[in-house]
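Working notes, beginning with the structure itself.
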């Protein structure tokens with residue numbers, strides 16, 4: 001075996017070990033609860049997982065966010081947010097702005 005092949009094998013094995021060691025280091029950083037590497041965690045999650053802005057939030061947070069948006073809109077316009085109620089065009093049952101589908105006939109009311 002020539003010296004060229006020994007050096008080539010050594011560099012190849014060293015590169016693979018360095019790559020595996022780097023991957024283990026990143027996994028260790030991701031499992032740590034400290035905020036030291038918050039930016040790195042966000043970058044790795046964006047590359048290898050679902051980004052934070054695409055993850056679904058729990059329903060109670062959605063309701064709280066919707067209420068906060070309604071109150072901020074009401075305060076910016078100077079009037080209180082009044083829920084409206086209309087009748088379903090298909091079955092004439094009362095529906096309001098929170099209904100995406102009519103509760104009685106399942107007609108889609110909102111886009």
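Residue numbers (UniProt numbering): 1 to 111. Every residue, glycine too, gets a C-beta built ideally from N, C-alpha and C.
Taking 6 Å as the limit between beta carbons, can you name the residues of its chain near residue i, skipping five residues before and five after?
{"i": "residue 6", "result": "none"}
{"i": "residue 101", "result": "108"}
{"i": "residue 85", "result": "94 and 96"}
With DSSP as the reference, identify every bridge partner of residue i, one or two as the case may be.
{"i": "residue 101", "result": "108"}
{"i": "residue 96", "result": "85"}
State the start and end residues of the unbroken beta strand (DSSP E) segment that holds residue i.
{"i": "residue 86", "result": "85 to 87"}
Just the C-alpha distance for residue i and residue j, rounded to the nearest angstrom, thanks.
{"i": "residue 35", "j": "residue 42", "result": "11 Å"}
{"i": "residue 30", "j": "residue 44", "result": "8 Å"}
{"i": "residue 104", "j": "residue 83", "result": "20 Å"}
{"i": "residue 2", "j": "residue 15", "result": "20 Å"}
State yes or no: is the C-beta of residue i nearer than 8 Å to some heavy atom of the ligand SAH?
{"i": "residue 47", "result": "Inclusion of the ligand SAH in the displayed structure is not the case, the ligand content being empty and no account of it being possible."}
Return the chain-ordered list of same chain residues with a C-beta closer than 7 Å to the C-beta of residue i, the five sequence neighbours on each side being excluded.
{"i": "residue 40", "result": "29"}
At what residues does the alpha helix (DSSP H) containing residue i begin and finish?
{"i": "residue 33", "result": "Looking at the DSSP string, residue 33 is not in any alpha helix (DSSP H), and its letter there is neither H nor E."}
Excluding sequence positions up to five away, which residues of its chain have a Cβ less than 8 Å from the Cβ of residue i?
{"i": "residue 91", "result": "102, 104, 105 and 107"}
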